[in-house]
Amino acid sequence: MVCFAFIGFTANAQDATLDGYSAQSCPAQFHSLPLYPEAKLCQLFDDALPASLTYHATTDQQSTRDFYTSELGEADSIQELKGRIVLEYENANKIIVISKDGAGTQVDVLVKST
146 MVCFAFIGFT
156 ANAQDATLDG
166 YSAQSCPAQF
176 HSLPLYPEAK
186 LCQLFDDALP
196 ASLTYHATTD
206 QQSTRDFYTS
216 ELGEADSIQE
226 LKGRIVLEYE
236 NANKIIVISK
246 DGAGTQVDVL
256 VKST
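Count along the sequence shown from 1, add 145, and you get the number used in my numbering.
In structure tokens:
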């Protein structure tokens, strides 16, 4: 069974802090997993494995899912849990959680091992 926590946040253009954390510039990739183009409000929670990063994409959930399918191929497992799309790759060692967030999506990238 896979357990993970969802970190919610809200922000606007004037306020780039997330519950006491400052948002970081978004990389193009995180542990070889791509981020949606023009990702915003990246928050790195841990870069050492197991690692996690959260960001905001200005697109809907389905477009974000289509991006990951195009970039990584069909996921080993696709689940919809409480309005979130959960994509698992490489025997659940790489997990992408796509949640509705205002006019866009929040994307949680979780990497257990590479």
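Quick reminder that beta carbons are idealized off the backbone N, C-alpha and C, glycines included.
Source: prediction; values computed, not measured.
Query, Result
"C-alpha distance - Q224 paired with S208, whole-angstrom precision", "16 Å"
"Identity of the residues DSSP links to H201 by a beta bridge", "K185, Q251"
"Between the CA atoms of D221 and P182 - distance to the nearest angstrom", "23 Å"
"N- and C-terminal bounds of the beta strand (DSSP E) containing D246", "239 to 246"
"Rounded straight-line distance, which links the Cα of S215 to that of A202", "16 Å"
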